[in-house]
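A.B. asks:
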Amino acid sequence: MGKQAKRGGKQQFSQPDDLDGKPEEEEETEQKGGKSGRGLGGQSANAGMMPPSDSDSDEESEDDAPAKGQNKNAGMMPPSDSDEDDEDDGPPPPKGKKAAAPVELTRKEREQLEAQKEPEVDPEVARKQMAQLELVKKRRAEQAAKRIAADGWDRYAPVTETNRPPGSAWPPPDQAA
66 MGKQAKRGGK QQFSQPDDLD GKPEEEEETE QKGGKSGRGL GGQSANAGMM PPSDSDSDEE
126 SEDDAPAKGQ NKNAGMMPPS DSDEDDEDDG PPPPKGKKAA APVELTRKER EQLEAQKEPE
186 VDPEVARKQM AQLELVKKRR AEQAAKRIAA DGWDRYAPVT ETNRPPGSAW PPPDQAA
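Numbering (my numbering), first residue to last: 66 to 242.
1. Since Lys193 is in the alpha helix (DSSP H), which residue starts that stretch and which ends it?
2. Using the Cα positions of Ala210 and Pro144, report the straight-line distance between them to the nearest angstrom.
3. Given this structure, state the Cα-to-Cα distance separating Asn138 from Pro184, to the nearest angstrom.
4. If contacts are defined as beta-carbon pairs under 8 Å, then Trp218 and Pro231 qualify, I think. What distance do you get, rounded to the angstrom?
5. Say the cut is 7 Å; is the CB of Pro236 nearer than that to a heavy atom of the ligand MG?
6. Quickly, what does DSSP pair Ser79 with across the bridge? List them, please.
7. So, under 8 Å CB-CB, Asn228 and Ala222 are touching, yes? Tell me the CB distance rounded to an integer number of Å.
8. If you compare alpha carbons, which of Gln135, Pro117, Gln80 is closest to Ser109?
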C-alpha cells in the first residue's frame, strides 16, 4: 500500500499579497509578525464596511437621477377613469405642439381598468329586471300580510309595543328593569 494524500485538517488559502508577486522573503516576515491587511482571525480589516459611494454629493435626490433599469412610473398609481376626474385641472395643450406620448399599459393594468368600469346595461334588460323586482316585492308583501293575519303579529319585524306575540306582556321581563 502506497502513501495516500493527507485528507482533512485546516485548509490553507493564499493571501492577497501572494498574488501581488512579492518576494518570498518579505512574505515570510509578514506571516511571522502578523497578517498584513487582515484583522483578528484572518478577517479583512474592512469587512462589514459599506463600499464607497459613486455619487459625488449626498444631496441629489433619486427623482433627479433614476436607476438605469427602473421605470420612471414605478410605484405610481395608474391613471383613474372615474367620473370625478372628468374636469381637466390644467389648460389644454397647444395645438401646434405634439401631445405627450400616451403611456402604454401592461396587460395586467388594462385588465384592472376594464374590471373597474361598470358594464353597460341594455335598456331592455334593465326594464325586464325592474318588472321582475316589482313582482317579487308584491309577492313578499302578500306573504307578509297572510303571515300577520295567521299569527297575529309580524315575527320578522322587531318586537315593539304594537308588534308582539298575542298575549305577551309589554315591556318584556328582561327589559322591565
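We put the beta carbon where it would ideally sit given N, CA and C, even for glycine.
It should be emphasised that the depicted structure is a prediction, and the values quoted were computed from it without experimental measurement.
C.D. replies: If we stick to the structure as given:
1. 188-216
2. Rounded to the nearest angstrom, the two C-alpha atoms are 52 Å apart.
3. 29 Å
4. 7 Å
5. With respect to the ligand MG, the structure shown offers nothing to examine, as it has no ligands at all.
6. Looking at the DSSP assignment, Ser79 forms no beta bridge with any residue, so it has no partner.
7. 5 Å
8. Checked all of Gln135, Pro117, Gln80; the closest Cα to Ser109 is Gln80.
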